[in-house]
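For reference, the structure is listed below as structure tokens.
Number of protein chains: 2
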Amino acid sequence: MRHARYSWCVDNEVGHEIAEALGVLLRRTTRAQLHRQLTEGMGEGVDEVTYPVLSALARTGPRSAAELAPDVGIDRSGVTRRASRLEAAGLVRREADPEDRRAQLLVLTEQGRHTVAELRGRLAAHITASLADWPPGEAEAFARRLRRFTAEGPFA
Amino acid sequence: MRHARYSWCVDNEVGHEIAEALGVLLRRTTRAQLHRQLTEGMGEGVDEVTYPVLSALARTGPRSAAELAPDVGIDRSGVTRRASRLEAAGLVRREADPEDRRAQLLVLTEQGRHTVAELRGRLAAHITASLADWPPGEAEAFARRLRRFTAEGPFA
DNA sequence: AGTGATGCGTGCGCCGCGCACGCTTCTGAC
DNA sequence: GTCAGAAGCGTGCGCGGCGCACGCATCACT
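See below:
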């Protein structure tokens with residue numbers, strides 16, 4: 000691995016390492032058990048399926064289901080169905096667009112805002128807690144790198 | 000955010016940043032389009048559903064479906080079904096355990112090893128290419144941090 | 001030898017997804 | 001003003017994956 004003739008392998012070693020770690024991380028974070036644990040005590044409306052819609056809505060403000068779809072990564076109809084569940088749980092309210100009576104804007108209710116804030120707080124606390132014993136400044140540097148990686152990395 | 004009374008929020012800010020980035024990363028990496036692009040030209044047997052089984056098998060060596068299940072993160076029966084598809088594609092071979100005639104070990108065929116190596120190489124190259132303009136040493140440091148994050152982080 | 005335990009594959013019901021259809025509403029041209 | 005085409009939304013439908021549970025084969029232990 001240290002010979003110059005294998006330089007392509009050395010160059011790609013970082014890629015292999017990141018890919019490996021990301022693969023494990025993906026499988027871990029998609030475990031239903033983790034989501035159950037994090038959504039403990041919340042209302043019945045939010046789960047690992049509906050949360051991406053709720054989160055995207057909180058991030059971008061009131062939008063239609065069609066506009067939310069590419070951000071969530073599924074079809075427009077799926078966003079509609081998930082939003083209906085959130086609406087039934089009282090976390091999301093459908094509001095007719097005054098400028099276009101066809102459009103139905105999805106708006107977070109007060110309870111919806113509270114729920115997403117609570118959930119984000121739990122997740123952040125969970126992450127922060129297990130990073131407590133990192134050397135000072137390491138976590139911040141890692142967070143910056145990770146942000147840049149997601150923003151302009153291979154999955155942009 | 001800078002007032003002392005909100006110190007818990009400041010403490011959690013790193014957690015929030017990491018959670019946000021991970022959320023985006025998750026949605027990006029689970030997009031089917033990316034998998035289609037990466038598996039371009041491969042046989043029909045490997046896709047975004049069957050690949051985790053193939054990869055886990057390559058990582059840990061010959062194992063039974065039940066042993067692979069917790070690593071993949073789904074039920075034992077799902078691993079069996081995915082393995083059957085990989086077997087039909089000639090990437091995996093079922094081999095009776097000589098010590099236990101109940102057990103069916105899943106073994107990668109030569110073509111299976113070649114496929115997973117090729118796929119890993121593509122992914123690693125894809126990652127490495129977009130990290131080319133990072134400052135020297137930054138990518139390596141990030142990879143180390145990421146590995147530690149997955150190993151002993153909040154999702155261990 | 002016999003009984004409980006273990007491992008594997010599969011049938012079944014459930015659920016989420018993408019596609020396509022119908023309905024309503026907007027837009028632009030005549 | 002009117003009408004045809006486009007745009008937006010919700011929903012029915014078929015497909016596919018998943019978890020559970022059952023049956024069969026085999027092992028372990030008495």
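Going down the list, the sequences are from chains A and B.
Just so you know, we're using numbering that gives the first Met the number 0 here: the first sequence kicks off at 0 and counts up by one.
Just so you know, we're using numbering that gives the first Met the number 0 here: the second sequence kicks off at 0 and counts up by one.
Backbone N, C-alpha and C fix where the C-beta goes; we use that ideal spot for every residue, glycine too.
Handout entry: CB of residue 53 of chain B within 8 Å of CB of residue 104 of chain B, strictly
Key = The residue given as residue 53 of chain B occupies position 54 in the second sequence. The residue given as residue 104 of chain B occupies position 105 in the second sequence. Result no, Cβ atoms of residue 53 of chain B and residue 104 of chain B do not sit closer than 8 Å.
Exercise for the section: Starting from residue 144 of chain B, find everything on chain A with Cβ-Cβ shorter than 8 Å and list it in chain order. Expected result: In the second sequence, residue 144 of chain B corresponds to position 145, counting from 1. The answer, in chain order, is 137, 140, 141, 144.
Problem - Whole-Å CB distance - residue 142 of chain A paired with residue 17 of chain B, under 8 Å assumed - result: For this step, residue 142 of chain A is matched to residue 143 along the first sequence. For this step, residue 17 of chain B is matched to residue 18 along the second sequence. Sure, about 5 Å apart at Cβ, within 8 Å.
Problem - Distance between beta carbons of residue 25 of chain A and residue 67 of chain B, contact taken as under 8 Å - result: Taking the first residue of the second sequence as 1, we reach residue 67 of chain B at position 68. Taking the first residue of the first sequence as 1, we reach residue 25 of chain A at position 26. No, residue 67 of chain B and residue 25 of chain A are not in contact; Cβ-Cβ is about 16 Å, not under 8 Å.
Handout entry: Residue-level contact to chain A via CB, residue 17 of chain B, 8 Å cutoff
Key = Within the second sequence, numbered from 1, the residue matching residue 17 of chain B stands at position 18. Yes, contact with chain A.
Handout entry: Three CB pairs or more closer than 8 Å across the region 57–64 of chain B and the region 103–118 of chain B
Key = yes
Handout entry: Nearest to residue 69 of chain B (by Cα), restricted to the options B:85, B:51, B:83, B:126
Key = To locate residue 69 of chain B, count along the second sequence from 1; it is residue 70. The option with the nearest alpha carbon to residue 69 of chain B is B:51.
Handout entry: 8 Å Cβ cutoff met for residue 127 of chain A and residue 23 of chain B
Key = Numbered from 1 along the first sequence, position 128 holds the residue referred to as residue 127 of chain A. Numbered from 1 along the second sequence, position 24 holds the residue referred to as residue 23 of chain B. Not in contact: residue 127 of chain A and residue 23 of chain B (Cβ atoms no closer than 8 Å).
Exercise for the section: Output yes if chain B places a C-beta closer than 8 Å to the C-beta of residue 113 of chain A; else output no. Expected result: The count along the first sequence starts at 1 and reaches residue 113 of chain A at position 114. No, because no Cβ of chain B sits closer than 8 Å to the Cβ of residue 113 of chain A.
Exercise for the section: Report yes if the CB atom of residue 49 of chain A is closer than 8 Å to the CB atom of residue 85 of chain A, and no otherwise. Expected result: Locating residue 49 of chain A in the first sequence gives position 50, where the first residue counts as 1. Locating residue 85 of chain A in the first sequence gives position 86, where the first residue counts as 1. Yes, these two residues count as a Cβ contact at 8 Å.
Exercise for the section: Note down, in chain order, each residue of its chain lying with its Cβ closer than 8 Å to the Cβ of residue 75 of chain B, except the 5 sequence neighbours on either side. Expected result: By 1-based counting over the second sequence, the position of residue 75 of chain B is 76. Closer than 8 Å at Cβ, skipping near neighbours: 64, 65, 68.
Problem - Any chain B beta carbon closer than 8 Å to residue 105 of chain A - result: Here residue 105 of chain A corresponds to residue number 106 of the first sequence, with the count starting at 1. Closer than 8 Å: no.
Exercise for the section: Quick one: residues in its chain with C-beta nearer than 8 Å to the C-beta of residue 27 of chain B, no 5 flanking neighbours on either side, listed in chain order? Expected result: Locating residue 27 of chain B in the second sequence gives position 28, where the first residue counts as 1. Cβ within range, chain order: 33.
Problem - Partners in chain A for residue 30 of chain B, counting only beta-carbon separations shorter than 9 Å - result: As a first step, residue 30 of chain B must be located in the second sequence, where it is residue number 31. Per Cβ cutoff of 9 Å: 72, 154.
Problem - Whole runs of the alpha helix (DSSP H) within the region 13–74 of chain A, excluding any shorter than 4 residues - result: 31–37, 50–59, 64–71
Practice task
Please state if the CB of residue 112 of chain A and the CB of residue 57 of chain A are separated by a distance shorter than 8 Å.
Solution key: Translated into the one-based positions of the first sequence, residue 57 of chain A becomes position 58. Translated into the one-based positions of the first sequence, residue 112 of chain A becomes position 113. In contact: residue 57 of chain A and residue 112 of chain A (Cβ atoms closer than 8 Å).
Practice task
Please report the Cβ distance between residue 29 of chain A and residue 152 of chain B, rounded to the nearest whole angstrom; I am assuming they are in contact, meaning their Cβ atoms lie under 8 Å.
Solution key: The sequence position of residue 29 of chain A within the first sequence is 30, counting from 1. The sequence position of residue 152 of chain B within the second sequence is 153, counting from 1. Actually they are not in contact, since the Cβ atoms of residue 29 of chain A and residue 152 of chain B sit about 15 Å apart, beyond 8 Å.
Practice task
Give the residues of chain B in contact with residue 77 of chain A, contact being defined as C-beta atoms less than 7 Å apart.
Solution key: Here the question's residue 77 of chain A lines up with position 78 in the first sequence. Within 7 Å Cβ-Cβ: nothing; residue 77 of chain A doesn't reach chain B, min ~13 Å.
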